[in-house]
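One structure below.
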Amino acid sequence: MSLLEVTDLRVSFPTADGVVQAVRGVSFSVERGQTLGIVGESGSGKTVLTQTLLGLTPGGQISGSAMFEGKNLVGLSPRAMQRIRGKEISVIFQDPLTSLHPLYKVGWQICEMIRSHDKSVTKKQAIERAVELLGHVGIPRPRERVNDYPHQFSGGMRQRAMIAMAISLSPKLIIADEPTTALDATVQAQILELLLRLQQESDTALLMITHDLGVVADIADNVLVMYAGRAAEKASKRDIFYQPHHPYTKGLLESIPHSSASNDRLKPITGQPPSLITLPPGCAFHPRCAYVMDRCLVEQPNLIPVADAGEHKSACFLPTAAVGLTEEAEDLRKQTVEMGRHAQAVKVAEAIAAAPESEGSVIA
Amino acid sequence: MSTVRFLIRRILTGIVVLWLVSSATFFLFFAAIPVQDVARNLAGRAASPAVLQETINYYGLEKPILVQYGHFLGNLVHGNFGNSFYYQEPVTTIIKQDLPATISLVIGGTLLWLIAGLAVGILSATRARSLFDRLATVGVLAGISAPTFVVGELLILIVYTQLHQHGIGFIETGYAGITSGVGPWLGTMILPWVTLAIVQAAVYTRLSRGSLLDTLGEDSIRTARSKGLSERRVLYRHAVRSAMTPVVSQLGIDVGGLLGGVVVVESVFGLHGIGQQVVTAITNGDQPTVIAFVILAAMFVVVANIVVDLAYSALDPRVRIS
Ligand SMILES: Nc1ncnc2c1ncn2[C@@H]1O[C@H](COP(=O)(O)OP(=O)(O)OP(=O)(O)O)[C@@H](O)[C@H]1O
Ligand code: SF4
Ligand SMILES: [Mg+2]
């Protein structure tokens, strides 16, 4: 049994402008001790998807199920949810500057979490544990720093403190919501390394949210690519990097930054993500897709296995053979992506579809 | 250490402010108004020239203005505001006698409006757009727009008169010092406190509601929830704590200006506090008493500001006083 099994989760927010369909039927599972990377552009629903697991999306209308160790997290009573938050599943948020309470000492905030789940722990014991944890995540002189306020910590140190808090009760799952995005490059690498080390030590499962496939390459076992509230592609890290099927995944791969130190993308995906209130008909990616076919405009692709093996799934009508492309076709595809000419893209796709054997081959 | 340095610096600047304020009022009253007018005010309209001259001599009004000023400052340093022109006794005696009523009003009123304002504000924020929230909004609007004397008179009419008609005499007007028993003291203070609270709490309701709604949306509150804390703890230990800072600043401003603001309440309820006293002093042309009141009010502002800055730095570790 998987540690976490999410099935057809849907979350929408009624607003004055209309219903925001933030998550539209996503299924995935996380195994004990494994890392699932969730990737997608800003607004694709990554945060809503994971916060919903902990009941942290007030105002959202939720359906579907999320089985965590035999309990359905959707519709759990507030009491039961409180016992899971922090203890079984903990969260590391994106912005360490604002995630910690500015008016309380860092150590106090860690102690508060420890003691709220185990009343038998004394203040002294909790402080000792906080010192130990801060030392463990690499904060120098933890016995002194435990009495510092968040503003006395650098951004990287604050994220380390958040991580210390997240591991303090040895949770079974940690949700890390873009934990390095707000940090500068060298600190990013250190924090990722720390997360990886801690996870290997403790056999904790990790849900790693990021919009950067580079981060996934460093840390994930499996990857869920999200687009406009749905899963576009779901596969092992290896398949995502060597045999991407969905054009959006390919777009993401092509837009990995040159190096983590610079922000200029190789080639950003053209166009904007759609409004989640009025979604385009058919495949939500079609307005930006270089391969768009007639069918894509009217029919919504389901997430189905790319090959018979079944673990690699993609929500795209392109035939399986298009998983990998011949050099020639790849060039043509890149050309079309650049020019953004849909007509030509359709031709390419059709050519591939007509003669999958001759045109397509796997570039693993 | 930095707190001591802060206090010394602020007390020194406070003294300069008080000196400027007292000098300005002194010259306003003694240099800008002709001596003859002052004397006539004191001796009465029908006073003969001889009597006027006698008055001038008696109060030393004929001396050069700078000599009078030196005398005034010398007295001030010793905590002496001179003699009242109207009552033949030191101004300090009058203040000592009237201060308890004013202090009772200010402290009790502030506590009441703070508690009421915060309670309604917090309830409104946690039940935003509920019936309670809407009713509170209407109440706030009424409180903000109602003049103090109207609220006071209404309370007298409704509570005081009604109770007395039914033979219940707990609520009284006037002022009963706390030495005459807590009961009678409360009986005279409750309506003035409520008046002050109705007028002032409105601002605090709005302020704490808005500030709490803001903080409830902050990342640190989401973190607090994700830690598995109870909703109660998230609200009071995390959100309300952050939301207090603007309330404290506002309190500093309001309490500082309160000495001027209590005049109306004191008059409506006949509390005989220093606010009411100064109104009498103005009509009587009793300059020393008026000057004393102005200095006292300035002192109040200075002290309130220091206290608020200290409270601010105690509330928020990011604020460093120096
Ligand atoms: N409480 C809410 N009410 C209305 N809309 C919401 C709410 N929360 C999220 N949304 C919308 O849901 C969509 C998905 O948001 P989400 O934060 O999950 O994106 P994300 O993938 O995490 O993006 P980012 O990379 O910027 O963090 C967005 O369009 C957002 O505006
Ligand atoms: S080819 Fe069609 S189904 Fe596949 S991503 Fe493009 S638009 Fe969507
Ligand atoms: Mg997000």
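Chains A and B supply the protein sequences, listed in that same order. Per our numbering, the first sequence runs over residues 217 to 580. Per our numbering, the second sequence runs over residues -8 to 313. C-beta: ideal position from N, C-alpha, C; glycine also. The structure displayed is predicted, hence computed values, not measured ones.
Asked	Found
Quick one: Cα of A/Thr273 to Cα of A/Ser228, how far?	10 Å
Below 6 Å CB to CB, which residues in the same chain sit around A/Glu304 once its five sequence neighbours on both sides are set aside?	Pro387 and Lys388
Counting only the same chain and skipping the five closest in sequence on each side, list residues whose C-beta sits under 8 Å from that of B/Val310.	Tyr303 and Ser304
Tell me, please, whether the CB atom of A/Phe369 is closer than 8 Å to any CB atom in chain B?	no
Who are A/Ala392's beta bridge partners in DSSP?	A/Ile308 and A/Met424
Would you kindly check if the distance between the Cβ of A/Ile390 and the Cβ of A/Arg376 is under 8 Å?	no
Below 8 Å on the Cβ atoms is my contact criterion, and I expect A/Met283 with A/Glu221 to pass it. Report the Cβ-Cβ distance as a whole number of Å.	4 Å
Out of curiosity, what's the CA-to-CA distance linking A/Ala531 and B/Ile312?	59 Å
Give every residue of the same chain whose Cβ lies closer than 8 Å to the Cβ of A/Ala296, excluding the five residues on either side of it in the sequence, and list them in chain order.	Lys287
Count the other CB atoms, across all protein chains shown, that sit within 10 Å of the CB of A/Met217; report buried if there are 16 or more and exposed otherwise.	exposed
So which of B/Leu249, B/Val239 and B/Lys218 has the shortest CA-CA distance to A/Ser306?	B/Lys218
What are the residues that DSSP puts in a beta bridge with B/Glu45?	Answer is none; B/Glu45 lacks a bridge partner.
Quick check: the region 250 to 263 of chain B against the region 101 to 121 of chain B, are there 3 or more CB pairs under 8 Å?	no
Which runs of the beta strand (DSSP E), 3 residues or longer, sit entirely within the region 328 to 395 of chain A?	389 to 393
Whole-angstrom Cβ separation of A/Leu225 and A/Thr268, contact assumed at under 8 Å?	7 Å
Provide the residue span of the alpha helix (DSSP H) that contains B/Phe17, from first to last.	Ser(-7) to Phe21
Kindly list the residues whose CB is nearer than 8 Å to the CB of A/Ile330, restricted to its own chain and excluding five residues on each side of it in sequence; keep chain order.	Val337, Ala342, Arg345, Ala346, Ser384 and Leu385
Comparing alpha-carbon positions, which option in A/Gly241, A/Val353, A/Asp311 and A/Pro489 lies nearest A/Gln277?	A/Gly241
Three-state secondary structure (DSSP) at A/Asp233?	coil
Give the residues whose C-beta lies closer than 7 Å to at least one heavy atom of ligand 3, in chain order.	A/Lys262, A/Thr263, A/Gln310, A/Asp393, A/Glu394 and A/Ile425
Alpha carbon to alpha carbon, how far is B/His229 from B/Gly130? Give it in angstroms, no decimals.	28 Å
Taking DSSP's pairing of strands, which residues face A/Ile520 in a bridge?	A/Ser530
Is there a Cβ of chain B sitting closer than 8 Å to that of A/Gly323, yes or no?	no
Kindly indicate if chain A contains any beta-carbon less than 8 Å away from that of B/Arg1.	no
Is there at least one non-hydrogen atom of ligand 2 closer than 7 Å to the beta-carbon of A/Leu534?	yes
Taking the alpha-carbon positions, what's the B/Met180 to A/Lys335 distance?	45 Å
Interface residues of chain B around A/Lys303 at Cβ under 7 Å?	Gly219
Looking only at its chain, what residues have a beta carbon closer than 6 Å to the beta carbon of B/Gln267, apart from the 5 residues adjacent to it on each side?	Glu257 and Ser258
On the three-state DSSP scale, how would you describe A/Leu440?	strand
At the level of alpha carbons, what is the spacing between B/Phe20 and B/Gln278?	7 Å
Do you know offhand how far A/Ala238's Cα is from B/Ala133's?	42 Å
Check whether chain A comes within 8 Å of B/Val(-5), counting only Cβ atoms and requiring the distance to be less than that.	no
Please confirm whether B/Phe63 and B/Phe17 have their CB atoms less than 8 Å apart.	yes
Roughly how far, in whole angstroms, is the beta-carbon of A/Arg318 from the beta-carbon of A/Pro358, given that I think they are within contact range, below 8 Å?	Residue identity differs from the one stated: residue 318 of chain A is Pro in this sequence, not Arg. So it is not a contact: roughly 20 Å between Cβ atoms.
Taking buried to mean at least 16 other C-beta atoms within 10 Å of its own C-beta, is B/Gly248 buried or exposed?	exposed
Kindly indicate the opening and closing residues of the alpha helix (DSSP H) around B/Val97.	Val82 to Thr117
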